[in-house]
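Quick note, the sequences are listed as chains A and B, same order.
Residue numbers for the first sequence follow the numbering used here, so the first one is 155 and each next one is one higher.
Residue numbers for the second sequence follow the numbering used here, so the first one is 110 and each next one is one higher.
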Amino acid sequence: MPWHYIARSMRRHPVRPPESGIPRRKSIWERIHIDPWLLGLLLVLMGGGLVVLYSATGQSIDAVIAQSLRFGIALVGMAIIAQLSPSTFLRFAPLAYGIGLAMLIAVEVAGDIGMGAKRWLEIPGVIRFQPSEMMKLAAPLMVAAYLNRCELPPRLRDIAICAVIIGVPVVLTAIQPDLGTSLLVASAAVIVVLLAGLSWRLIGFMAVLGAACVPILWINMHNYQRQRVLTFLNPDSDPLGSGWNIIQSTTAIGSGGLWGKGWLQGTQSQLEFLPERHTDFIIAVLGEEFGLVGMLVLLCLYLLIISRGLWMASGAQDTFGRLVAGSIILTFFIYVFVNMGMVSGILPVVGVPLPLVSFGGTSSVTLLAGFGILMSIHAHRRLLSR
Amino acid sequence: MPKRPNTLKNSEQELRIFRVRALLAVLVVLTLASLIMGRLVYLQIVQHDMYSTRSENNRVRVEPLPPNRGLIYDRNGVLLAENRPTYNLTLVRERVDELDETLALLVELLELPEEEIEAFNVRSRQRQRPYQPALLISDLSEEQIARLAVNRHRLPGVEIEAQPLRYYPDADIMAHALGYVGRINAEEMKTLDAGRYAGTHFIGKTGIERFYEQELHGQAGLRKVETNARGRVLRELGRTDPVPGENITLTLDKSLQMLAYELLDGRRGSIVAIAPATGEILAMASAPGFDSNQFVTGIDVASYRGLQEDLDLPLFNRAIRGHYPPGSTIKPFLALAGLVEGVITPDSTINDPGYYQLPNDSRRYRNWLRWGHGRVDMERSLAVSNNTYYYTLAHDLGIDNLHKQMSNFGFGQRVAHDVQGESGALMPSRDWKRGRFNQPWYPGETLSVGIGQGYWQVTPLQLASATATLANRGHWVKPRLARQIGDTPVPRDLPDTLNDIELANDSWWDRVFNGMEKVMSGTEGTARRTGVGLEYRMGGKSGTAQVFSLGQDQRYNADEIAERLRDHALFIAFAPLDDPQIAVSVIVENAGGGSTHAAHLARAMTDAWLLKDDAPDAEEVREVLERDDANVEGN
């Protein structure tokens with residue numbers, strides 16, 4: 155396999171402790187366990203996101219302030235999480251997973267119904283949140299924690315156990331019904347298994363099995379979910395109803411052209427033809443007002459974050475760290491891909507926000523918590539190796 | 110649980126696996142990212158123009174500005190067709206929280222039957238884009254508007270919208286002459302100029318409304334507006350004003366028209382009056398009439414069927430489409446034909462034994478007076494409406510000359526300039542009979558034509574028009590309904606007017622006029638009762654058209670024949686004799702003899718026109734008619 159040669163060439167990685175054994179003087183960033191590159195890129199992304207958000211909310215400074223506050227809270231959360239040692243995550247993974255599972259069941263039994271789906275758990279007057287959001291981190295952590303104890307590549311039995319760990323929360327989320335989140339939970343956890351070295355033969359087998367399951371999935375889908383898929387295949391079949399979103403978003407992006415119509419000048423966005431313009435479809439605002447150039451800048455920003463993240467992940471010193479870090483960063487990319495694909499009309503409409511740009515608190519907190527874990531894994535590598 | 114693995118050895122292998130997988134992940138990420146990029150390039154560069162247009166179409170809406178339809182006035186400036194503001198009920202689905210509840214509430218408030226809910230539901234879906242109002246009910250009553258206004262807070266998304274609608278203040282009496290507008294149907298839509306009719310929902314269907322559709326309609330304008338997704342207009346980007354339709358002033362006189370309609374008194378019939386010198390149609394009534402306003406908003410099926418199945422055919426415009434045998438009313442024209450062709454002179458006489466026989470034929474063609482009128486000249490033949498004189502004249506003329514001369518008076522063809530749907534009726538000829546029945550013309554048929562029976566059929570408009578031409582001493586002026594379109598008067602001389610009728614001696618016109626005056630004022634005149642107390646000189650001619658043909662020697666008894674088989678009463682008249690101001694034709698279906706049942710109506714018309722306020726009204730005429738309904742035999 156040629157991959158072995160490539161892998162061998164990667165061995166001279168800075169992760170390795172210096173031969174001399176003389177401890178290097180630690181920078182301020184290292185001491186506070188924050189990766190300056192990643193933080194910088196995230197801040198640029200969030201800043202740009204706020205600029206677009208201002209336009210997308212019809213120039214509401216209130217929305218920008220609210221979003222900034224959420225970003226602030228989420229950044230603080232990220233910083234705190236970054237201080238924890240990776241072993242803490244390893245230790246608490248089963249607990250977090252267990253709590254998450256319990257809450258998902260609670261939602262099923264006593265959840266609040268919002269938008270026709272049970273997604274929210276509420277302690278009245280105190281807090282109201284989606285347990286499925288927590289599972290986005292808890293599930294991959296749990297899988298990684300399990301695989302950390304196995305010999306890798308994982309054997310069939312381990313994979314079966316992983317499948318159970320993944321399957322239960324995914325199914326519970328899917329029946330809420332929240333197909334988008336359940337797919338994201340599943341992909342976050344499956345990525346862990348893939349990174350752990352799932353055999354290619356098994357991957358092929360699962361792919362075939364997955365394809366065979368499509369009809370079953372179709373039969374069990376809710377009508378509105380089926381409608382979304384049908385609309386995706388032919389948006390013009392119902393231009394006023396479910397096709398409206400995708401027609402208007404592609405129109406917004408397409409009409410932006412190379413340079414865009416200018417900030418606050420997008421007619422699709424400003425005249426409210428674009429649905430959910432400040433949440434799931436916010437990238438269409440960017441596409442219309444800043445054109446292809448703006449879109450590519452954003453995409454590059456995401457790719458830089460992902461590159462930095464993957465770099466950090468591959469430098470992790472133990473299996474658990476690597477798997478968790480890899481999963482977090484690749485899931486981040488999946489968010490980006492699914493959202494951009496949906497808005498530009500190459501994927502069906504699933505409710506996935508554009509990470510750190512769409513208006514909304516929960517997903518920012520989860521994402522930055524994930525980056526916190528990533529930073530923790532990166533920052534604690536020397537401590538562990540010593 | 111797997112046992113704790115040898116960390117050192119395994120971590121080497123695990124790291125290698127991870128790195129391979131991570132590298133693969135990078136490739137997948139790059140592939141998918143390029144896919145997105147490709148899609149973006151496709152949308153924003155390749156398809157940019159298409160999406161630009163689409164977004165522009167989203168934003169910019171072209172709203173048609175329909176022109177105001179021209180108004181229609183009578184000759185004195187009385188409004189006959191106007192545009193009435195009406196109110197429609199519309200609904201914007203997106204603004205309605207609970208559609209079913211709202212519709213149920215509407216039906217309850219307006220006291221409509223429950224089934225309407227379903228109809229509303231269907232109608233509320235008929236639109237092209239979100240936030241476009243859908244039309245639920247057109248032409249709300251004032252009470253309905255008030256009820257909706259009071260409950261406005263309970264009906265979000267429901268709105269009342271103004272729209273001008275055609276309205277005919279005197280619908281019944283004017284329905285046939287004016288015609289009406291109705292909703293443009295699918296058939297008409299195909300042939301219409303879409304730009305000109307943008308935003309117009311109505312089009313002239315009959316009468317003046319149809320004939321002058323072009324002039325009345327005008328040209329639609331448009332405005333470009335920027336709207337948001339909810340359809341709210343944010344600003345106007347450009348505008349072309351509509352060109353309003355032209356107002357039309359008709360030659361009709363509303364009070365004369367109303368009199369004509371009242372004189373007919375709900376009977377089936379028609380009265381047409383023309384000003385001879387100008388060809389202006391002063392009145393053109395067809396009874397019974399109908400309420401043309403019903404057709405504007407769309408008549409309901411039951412009412413329409415009612416009108417359609419009414420035996421009196423209220424929708425049928427008798428004045429221009431009714432075919433009637435003219436009876437004796439054509440005798441003056443026949444006399445003129447004889448003078449033109451040189452078959453008679455005003456002084457030619459015949460001896461009337463009470464019948465006429467063709468050479469070598471035993472059949473007797475009867476005069477209405479069994480024992481005959483004795484010696485009869487042209488003037489007397491008109492006064493007493495002698496049949497034998499005209500049998501002789503018709504036979505001497507022959508059908509060919511007769512057809513030619515009668516065609517010169519406009520019989521058998523459309524005569525008017527701007528009367529929509531006018532019929533040419535029928536002036537029989539050899540060729541016609543050959544074509545129609547594949548039979549030769551028989552001499553006996555010429556005799557029938559000679560007294561206005563047989564195949565000959567005329568419309569009341571033709572009869573009035575021929576009378577006007579006669580009163581005009583043979584000078585043709587095309588009858589017309591429009592006097593002025595916008596600021597342009599309709600010229601007196603119009604193209605395709607028939608040639609004037611010329612007599613060898615101009616004084617012969619006076620001889621024919623005298624004959625017609627004797628009908629009204631002569632001691633033997635068939636309409637002498639009607640002529641009593643005339644304040645001006647009036648010429649007339651009665652006619653009685655057989656609907657039901659009798660055997661050769663049968664006697665006619667009106668009482669024994671069902672009402673609808675009774676004779677039609679006809680009368681033509683013009684006055685004053687020396688300077689004719691008005692020519693009239695009257696037809697009352699199944700009324701009996703023309704001299705008794707139609708002559709009064711004709712005089713009432715001339716009185717009204719010439720004496721103005723001093724003329725008796727319809728009520729007084731009716732009283733005279735009833736008092737006078739004594740049995741005068743014959744025509």
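We treat Cβ as the ideally placed atom computed from N, Cα and C, and that holds for glycine.
Any idea what DSSP makes of residue i, helix, strand or coil?
| i | result |
| --- | --- |
| B/Q661 | For B/Q661, the predicted model reports a pLDDT of 47, less than 50, meaning its position is unreliable; a value from the coordinates is still stated below. If DSSP states are grouped into helix, strand and coil, B/Q661 belongs with coil. |
| B/Q593 | strand |
| B/V405 | helix |
| A/D216 | helix |
| B/M625 | helix |
| B/T632 | coil |
| B/K299 | helix |
| B/D726 | coil |
| A/P389 | helix |
| A/L510 | coil |
| B/R148 | helix |
| B/Y289 | coil |
| B/D248 | coil |
| A/G231 | helix |
| B/P353 | strand |
| B/P569 | helix |
I think residue i touches residue j, with their Cβ atoms under 8 Å apart; what is that distance to the nearest whole Å?
| i | j | result |
| --- | --- | --- |
| A/I482 | A/I527 | 6 Å |
| B/L189 | B/D183 | 6 Å |
| A/V218 | A/L204 | 5 Å |
| B/S574 | B/V524 | 5 Å |
| B/G652 | B/S437 | 4 Å |
| B/M367 | B/I282 | 5 Å |
| B/H157 | A/G411 | 5 Å |
| B/G649 | B/I681 | 7 Å |
| B/Y321 | B/I594 | 7 Å |
Could you spell out the range, first to last residue, of the beta strand (DSSP E) harbouring residue i?
| i | result |
| --- | --- |
| B/G378 | 378-384 |
| B/R204 | Unbroken run through B/R204: none, as it is neither H nor E. |
| B/N460 | 458-461 |
| B/A525 | Counting along the chain, B/A525 falls outside any beta strand (DSSP E), and DSSP gives it neither H nor E. |
| B/F311 | 311-313 |
| B/M393 | 389-396 |
| A/D332 | No beta strand (DSSP E) contains A/D332, which DSSP labels as neither H nor E. |
Show which residues of chain D have a CB atom less than 8 Å away from the CB atom of residue i.
| i | result |
| --- | --- |
| B/L136 | Absent here is chain D; the protein component of the structure consists of chains A and B. |
Considering just the uninterrupted stretch of the alpha helix (DSSP H) at residue i, what are its terminal residues?
| i | result |
| --- | --- |
| B/D104 | Given that chain B is displayed from residue 110 to residue 744, the structure contains no residue 104 of chain B and the question cannot be resolved. |
| A/F144 | Here chain A comprises residues numbered 155 to 540, so residue 144 of chain A is not present and cannot be evaluated. |
| A/M289 | 285-302 |
| B/R414 | 410-418 |
| B/M367 | 363-373 |
| B/T438 | No alpha helix (DSSP H) holds B/T438; DSSP gives it neither H nor E. |
When DSSP builds the beta bridges, which residues end up paired with residue i?
| i | result |
| --- | --- |
| B/Y182 | B/L188, B/T358 |
| B/F653 | Per the sequence presented here, residue 653 of chain B reads as Thr, with Phe not at that position. In the DSSP output, where bridge partners are listed per residue, B/T653 has B/A678. |
| A/T327 | DSSP lists no partner for A/T327. |
| B/Y474 | B/Y465 |
| A/I500 | Note: A/I500 sits in no beta bridge, so no partner. |
| B/A243 | B/L200 |
| B/V172 | Looking at the sequence provided, one finds Glu at residue 172 of chain B rather than Val. For B/E172, which the question treats as bridged, DSSP gives the partners B/R332. |
| B/L274 | B/R193 |
| B/G103 | With chain B covering only 110 through 744, there is no way to say anything about residue 103 of chain B. |
| B/F683 | B/G648, B/A692 |
Can at least three beta-carbon pairs, one atom from the segment 456-472 of chain B and one from the segment 483-497 of chain B, be found at a separation below 8 Å? yes
Decide if the segment 318-338 of chain A is in contact with the segment 490-509 of chain A; the criterion is three or more beta carbon pairs, one per stretch, under 8 Å apart. yes
Can you find at least 3 beta carbon pairs, one from the segment 299-307 of chain A and one from the segment 253-262 of chain A, that sit closer than 8 Å? no
If we count Cβ pairs, one from each stretch, closer than 8 Å, do we get three or more for the segment 576-587 of chain B versus the segment 690-701 of chain B? The segment 576-587 of chain B vs the segment 690-701 of chain B: in contact.
With three or more C-beta pairs closer than 8 Å as the rule, is the segment 721-731 of chain B touching the segment 389-405 of chain B? Segment contact: the segment 389-405 of chain B against the segment 721-731 of chain B, fewer than three CB-CB distances shorter than 8 Å; contact not assigned.
Decide if the segment 608-615 of chain B is in contact with the segment 337-357 of chain B; the criterion is three or more beta carbon pairs, one per stretch, under 8 Å apart. no
Is the segment 424-441 of chain A in contact with the segment 202-216 of chain A, if contact means three or more CB pairs nearer than 8 Å? yes
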